[in-house]
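Visitor: Numbered by the UniProt record's numbering, the letters in the sequence shown go through residues 251 to 616 in order.
Even glycine gets a Cβ: it sits at the ideal position worked out from N, Cα and C.
Bear in mind the structure is a predicted one, so any value in this text is a computation, not a measurement.
Dropping a structure here in structure tokens format, bear with me for questions.
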Amino acid sequence: EKGKYKYFMLKEVYEQSKTISDTLRGRLLIPEKIICIDGIESHKEIFVNAESITIVACGTSWHASLIGEYLLEELTRIRVEVEYASEFRYRNPVIGKKNIIIVISQSGETADTLAALKLAKKKGAFVFGICNVVGSTIARSVDAGAYTHAGPEISVASTKAFTAQITVLVLLALIIGKYRYAIDDNRYKFLCEELGAIPEKVNYVLKMNDTIKKISQLYHNVNNFIYLGRGINFPVALEGALKLKEISYIHAEGYPAAEMKHGPIALIDENMPVVIIATKKGCYDKIIGNIQEIKARKGKVIAIVNKGDIQVNLLADHVIEIPNTDEILSPLITVIPLQLFAYQIAFSRGKNVDQPRNLAKSVTVE
Ligand code: M6R
Numbered sequence: 251e252k253g254k255y256k257y258f259m260l261k262e263v264y265e266q267s268k269t270i271s272d273t274l275r276g277r278l279l280i281p282e283k284i285i286c287i288d289g290i291e292s293h294k295e296i297f298v299n300a301e302s303i304t305i306v307a308c309g310t311s312w313h314a315s316l317i318g319e320y321l322l323e324e325l326t327r328i329r330v331e332v333e334y335a336s337e338f339r340y341r342n343p344v345i346g347k348k349n350i351i352i353v354i355s356q357s358g359e360t361a362d363t364l365a366a367l368k369l370a371k372k373k374g375a376f377v378f379g380i381c382n383v384v385g386s387t388i389a390r391s392v393d394a395g396a397y398t399h400a401g402p403e404i405s406v407a408s409t410k411a412f413t414a415q416i417t418v419l420v421l422l423a424l425i426i427g428k429y430r431y432a433i434d435d436n437r438y439k440f441l442c443e444e445l446g447a448i449p450e451k452v453n454y455v456l457k458m459n460d461t462i463k464k465i466s467q468l469y470h471n472v473n474n475f476i477y478l479g480r481g482i483n484f485p486v487a488l489e490g491a492l493k494l495k496e497i498s499y500i501h502a503e504g505y506p507a508a509e510m511k512h513g514p515i516a517l518i519d520e521n522m523p524v525v526i527i528a529t530k531k532g533c534y535d536k537i538i539g540n541i542q543e544i545k546a547r548k549g550k551v552i553a554i555v556n557k558g559d560i561q562v563n564l565l566a567d568h569v570i571e572i573p574n575t576d577e578i579l580s581p582l583i584t585v586i587p588l589q590l591f592a593y594q595i596a597f598s599r600g601k602n603v604d605q606p607r608n609l610a611k612s613v614t615v616e
């Protein structure tokens, strides 16, 4: 039931503190700094000896996969590549014995992801699944896996499943990194602590909804948006743009901020708002440079910044302040204002947020 919420999407956005906690429960023991995931533990050798990992998914789950690429490469030092399931399944991919395939799917029923999984298995790969729907076809077909415990996601636009997928990927990266002695012990412990603190920080961001609503009211009539982020927040920019497209029908594109000058900057004028993830650490100085470039062309800047930020505050038209965390955990926090922003814009435009036109919750046909 939607309870006090007008749409399931908003309810699901607000559930994220709890769903991240649920996904961590029994897997991350904070005082002891122990991470335990059965599907990894029982196949430890395969992960320790892996030469590469290919993550395969569609849509929002593909964005979570890109975040997984940053996380896994950083913490495990295993080479990772990410593919759209629809491309992977038709291009006779090279899969060796030491190549692990990870498939990510909220529904566990996406036709392309299932076909990719079957192909990978036929080629003899070990396939690990990250699904939300328990007992779904993909969950039943993998060699091992870990469920996201986000609970039923009703809204077509995926939100809480996305943050639950990232949570599982963080756990995976930490545990495999530890097995492979790829993470420094102090960093491992610090990240365990920081991960435990994420649900509380998510709650803080949710309190920004009124600010976000006010900003959205100034922009719900525009025709285009650009979303920018760098590093691990580049896929978050893609996800923010997808959310806006899906439910408000405004054209939006996500880019790595540095790609601006390779084309998209030509689009910038006073009618082109830019949402930019400008949290500290992630190449902050370079992001400031990007914001200056946009302002010089009269673009409007809506920036996601850390609490206490000064420099971006001086440049941007609007800022949304969020708590600080380690850079590699930041997508769990930075995506929340983007979800709320998309919701508020779609709502002001009078759209049916939960049932956008032309879209189905689960894409079981090609
Ligand atoms: O169930 P899946 O995670 O496999 O679904 C993949 C995509 O169809 C899905 O994420 C889609 O892009 C959503 N509508 C995004 O909000």
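Among K371, I560, S336, A307, which residue has its Cα nearest to the Cα of L356?
Guide: The residue you asked about is not Leu; residue 356 is Gln in the sequence shown. Nearest of K371, I560, S336, A307 to Q356, Cα basis: A307.
Visitor: Is the beta carbon of G490 less than 8 Å from the beta carbon of C533?
Guide: In this structure, C533 does not lie closer than 8 Å to G490 by Cβ.
Visitor: When DSSP labels each residue in this structure, what does N330 get in the three-state scheme?
Guide: Looking at the sequence shown, residue 330 is not Asn but Val. It is a strand residue.
Visitor: Does the Cβ of T614 have 16 or more other Cβ atoms within 10 Å, making it buried, or fewer, making it exposed?
Guide: Exposed.
Visitor: Nearest CA to the CA of I290: which residue from G385, E319, I350?
Guide: The shortest C-alpha separation from I290 is found at I350.
Visitor: Counting only runs that start and end within the UniProt domain "SIS" (465-606), where is the beta strand (DSSP E) found for 3 or more residues in a row?
Guide: You should have 474-479, 501-506, 523-527, 550-556, 568-572.
Visitor: N349 bridges to which residues according to DSSP?
Guide: Paired residues: S302.
Visitor: Just to confirm the assignment: which complete alpha helix (DSSP H) runs, minimum length 4, are found wholly within the UniProt domain "SIS" (293-432)?
Guide: DSSP runs (the alpha helix (DSSP H)) wholly in the UniProt domain "SIS" (293-432): 294-298, 309-326, 335-338, 361-372, 387-391, 410-429.
Visitor: Which residue comes first and which comes last in the alpha helix (DSSP H) that contains N453?
Guide: Note, N453: alpha helix (DSSP H), 435-456.
Visitor: Among I425, G346, A407, which residue has its Cα nearest to the Cα of I497?
Guide: Among I425, G346, A407, the Cα nearest to that of I497 belongs to A407.
Visitor: At which residues does the alpha helix (DSSP H) containing G289 begin and terminate?
Guide: It spans 288-291 - the alpha helix (DSSP H) in which G289 sits, taken as one unbroken run.
Visitor: So if DSSP puts I284 in a beta bridge, which residue, or which two residues, is it bridged to?
Guide: DSSP lists L279 as partners of I284.
Visitor: Can you grab the Cα-Cα spacing for the pair L367 / A314, in whole Å?
Guide: Cα to Cα, the separation comes out at about 17 Å.
Visitor: Note down the Cα distance separating D362 from Y499, rounded to an integer number of angstroms.
Guide: Going by the C-alpha atoms only, they are around 24 Å apart.
Visitor: What is the rounded straight-line gap between the Cα of L260 and the Cα of L441?
Guide: When rounded, the distance between both Cα atoms is 29 Å.
Visitor: When the distance is taken between beta carbons, is I527 closer than 8 Å to A566?
Guide: No, Cβ-Cβ distance for A566 and I527 is not below 8 Å.
Visitor: Within its chain, find whatever has a CB closer than 7 Å to the CB of Q415; leave out the 5 residues flanking it on each side and keep chain order.
Guide: Closer than 7 Å at the Cβ level, and outside the excluded window around Q415, lie S311, A314, I354, I380, T398.
Visitor: Is Q356 a contact residue of the ligand M6R, with contact defined as CB to any heavy atom under 7 Å?
Guide: Within the cutoff, so yes.
Visitor: Under a Cβ-count criterion, where at least 16 other Cβ atoms within 10 Å of its own Cβ denotes burial, should G513 be classed as buried or exposed?
Guide: Result: exposed.
Visitor: Taking the alpha-carbon of S336 as reference, which of T360, L582, Q542 has the nearest alpha-carbon?
Guide: Closest option to S336, Cα to Cα, is T360.
Visitor: Smallest Cα separation from G276: which of A396, A411, K493?
Guide: Comparing Cα positions, the closest option is A396.
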